[in-house]
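Undergrad:
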Amino acid sequence: MRRKKSFQIFEKVLVTDIGAEGNAVARVDNAVIFIPMLVPGDVVDIRAIKKKNSYFEGSVLRFHEYSADRIKPRCVHFGVCGGCKWQHLPYNLQLHYKEKQVRDTLSRIGKIPLPDIEQIIGSDEEYFYRNKLEYAFSDRRWLTREELISDIDYPREDALGFHIPGTFDKVLDISECHLQPEPSGAIRDAARNYARKDRMIFFNYREQTGFLRNLILRNNIEGDFMVIVVFFYDDKRRREGLLDYLISEFPGIKSLFYIINSKRNDSLADQEPVLYHGSDHITEKVGELKFRIGPLSFFQTNTRQISKLYQTAKEFAQLTGSETVYDLYTGAGTIACFIADSAKKVIGIEYIEDAVKDAFKNAGINNINNVSFYAGDIRSVLNEQFFSDNGRPDVIITDPPRAGMHKD
């Protein structure tokens with residue numbers, strides 16, 4: 000007979016801090032407990048659900064007091080979808096705790112002596128700032144905890160939304176999202192409603208079956224939208240039916256692509272987008288520069304913050320116009336082009352070949368002649384022959400993927 004787990008209960012615990020990934024921190028005697036979706040100042044009963052070597056992971060059983068800093072989250076999906084982990088905190092406190100995490104990670108954990116650090120430069124927009132969202136189709140809607148414990152028999156209907164954090168096959172059906180401006184939500188809802196009406200088969204991630212796989216929405220500050228629909232296989236009648244419907248409902252769509260992705264994973268870097276309607280790109284402006292954004296192009300997701308970010312990096316580099324600058328993980332060459340007017344030359348290196356093609360196009364659009372771009376793995380590209388041909392860098396700027404840079 001399988002032994003039932005017993006979970007330790009901690010009562011009337013005061014939350015004192017926020018740590019990694021936005022999880023709240025509480026301390027009981029010598030025990031450290033991490034709990035999601037709490038605010039310093041909350042007093043709660045906690046159930047320990049996991050015990051690690053030096054800490055517990057817990058969930059809330061009961062609130063005794065709510066923190067004075069707690070605010071009402073804007074989104075109905077907060078706490079479930081995982082897309083926004085800080086909506087229960089005012090934005091100024093979000094910045095405070097994020098800055099504290101950086102300091103703690105570098106100094107307390109990394110043992111790195113730190114100079115004075117300037118405050119985080121916050122975003123002017125707290126909501127509707129993203130220029131890209133990716134939704135997943137699923138044939139089994141994720142039921143929330145409230146739905147599971149209720150007396151109502153909820154159907155496991157098709158869903159279009161976001162993956163539940165830490166899972167690959169569980170999708171929360173999204174009815175609203177405050178990250179991307181309209182008509183993002185209207186396009187999402189129209190695609191889902193049409194697909195259900197036409198009885199299209201939504202994807203099953205475990206069995207690798209179904210027709211509809213992903214919906215990707217990109218936009219620029221001017222309000223132009225690019226829509227990319229990803230199918231698991233091709234069914235011309237149904238594919239064209241959905242795409243034509245989106246065009247008829249949203250005639251302002253600037254660019255409409257589809258992709259047939261029959262792989263097990265959702266990565267599209269090796270896939271070929273097919274242009275169905277409109278332009279093959281949208282254009283975004285950063286400072287005085289223009290950039291092409293294609294269906295697979297990398298671009299920072301908060302457009303209005305890009306100028307602040309790149310200008311800050313430019314100021315820190317203290318360029319005089321005589322330097323050779325290496326821009327590692329250059330993507331579509333946005334940083335390289337942005338700093339080119341302050342350097343002798345800029346060398347951009349990027350693993351994805353299509354991104355390098357975009358980088359050359361972006362340099363051409365902006366009449367920038369002192370940048371060069373190379374495709375390949377940085378560890379392979381950076382050798383003595385490369386330095387001999389291009390010169391050693393005086394300044395290196397790097398913007399690696401989320402996983403960071405490899406120690407080699």
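Using numbering that gives the first Met the number 0, the first residue of the sequence shown is number 0, and each one after it goes up by one. Think of the CB as a built atom: it goes at the ideal place given N, C-alpha and C, for glycine as much as any other residue. From a predicted model like this one, the values you see are computed outputs, not experimental measurements.
Between which two residues does the alpha helix (DSSP H) carrying Asn361 extend?
TA: Glu352 to Ile364
Undergrad: How do the segment 214 to 233 and the segment 126 to 138 stand: do at least 3 beta-carbon pairs fall below 8 Å, yes or no?
TA: yes
Undergrad: Sort Asp269, Gln270, Thr329 and Lys196 by Cα distance to Phe298 and report the nearest one.
TA: Thr329
Undergrad: For Met0, is the classification buried or exposed, using 16 other Cβ atoms within 10 angstroms of its Cβ as the cut-off for buried?
TA: Since pLDDT at Met0 reaches only 44, below the 50 mark, its modelled position is unreliable, and no value is offered.
Undergrad: Can you name the residues that DSSP bridges to Gly217?
TA: A small correction: the amino acid at residue 217 is Arg; Gly does not occupy that position in the sequence shown. For Arg217, which the question treats as bridged, DSSP gives the partners Lys131 and Met225.
Undergrad: Pick helix, strand or coil for Met0, following the three-state DSSP scheme.
TA: Reliability fails at Met0, whose pLDDT of 44 lies under 50, so the model's placement of it is uncertain and no value is given.
Undergrad: If you count every other CB in all the chains shown that lies within 10 Å of the CB of Phe9, and 16 or more means buried, which is it?
TA: Phe9 comes out buried.
Undergrad: Which residues mark the beginning and the end of the alpha helix (DSSP H) in which Arg195 is found?
TA: Ser183 to Lys196
Undergrad: How big is the Cα-Cα spacing for Glu175 and Ala190?
TA: 14 Å
Undergrad: Under 8 Å between the Cβ atoms of Leu295 and Ile377?
TA: no
Undergrad: Under the assumption that Gly240 contacts Asp197 (Cβ atoms under 8 Å), give the Cβ distance between them as a whole number of angstroms.
TA: Right, their Cβ atoms sit about 6 Å apart.
Undergrad: I'd like to know whether the C-beta atoms of Ala47 and Ile32 end up nearer to each other than 8 Å.
TA: yes
Undergrad: Would you report the Cα separation of Leu159 and Ile34, rounded to the nearest angstrom?
TA: Whole-angstrom Cα-Cα distance: 28 Å.
Undergrad: Starting from Val101, trace the alpha helix (DSSP H) in both directions and tell me its first and last residue.
TA: Tyr90 to Arg102
Undergrad: Anyone know if the C-beta pair for Val38 and Asp16 falls short of 8 Å?
TA: no
Undergrad: State the DSSP-derived secondary structure class of Phe298, mapped to helix, strand or coil.
TA: coil
Undergrad: How many Å lie between Lys430 and Pro114 at the Cα?
TA: Any property of residue 430 remains undetermined from this structure, which presents the chain solely from 0 to 407.
Undergrad: In terms of residue numbering, what span does the alpha helix (DSSP H) encompassing Tyr244 cover?
TA: Lys235 to Glu248
Undergrad: Contact between the segment 56 to 64 and the segment 84 to 98: three or more CB pairs below 8 Å?
TA: no
Undergrad: Just tell me which of Gly82, Lys49, Val345 and His405 has its CA closest to the CA of His177.
TA: From the listed residues Gly82, Lys49, Val345 and His405, the smallest Cα separation to His177 is found for Gly82.
Undergrad: List the residues that DSSP assigns as beta-bridge partners of Ser387.
TA: Ser387 pairs with nothing; no bridge assigned.
Undergrad: Count the other CB atoms within 10 Å of the CB of Arg187; is the residue buried (16 or more) or exposed (fewer)?
TA: buried
Undergrad: Would a C-beta distance cut-off of 8 Å place Val226 and Ile258 closer than the cut-off?
TA: no
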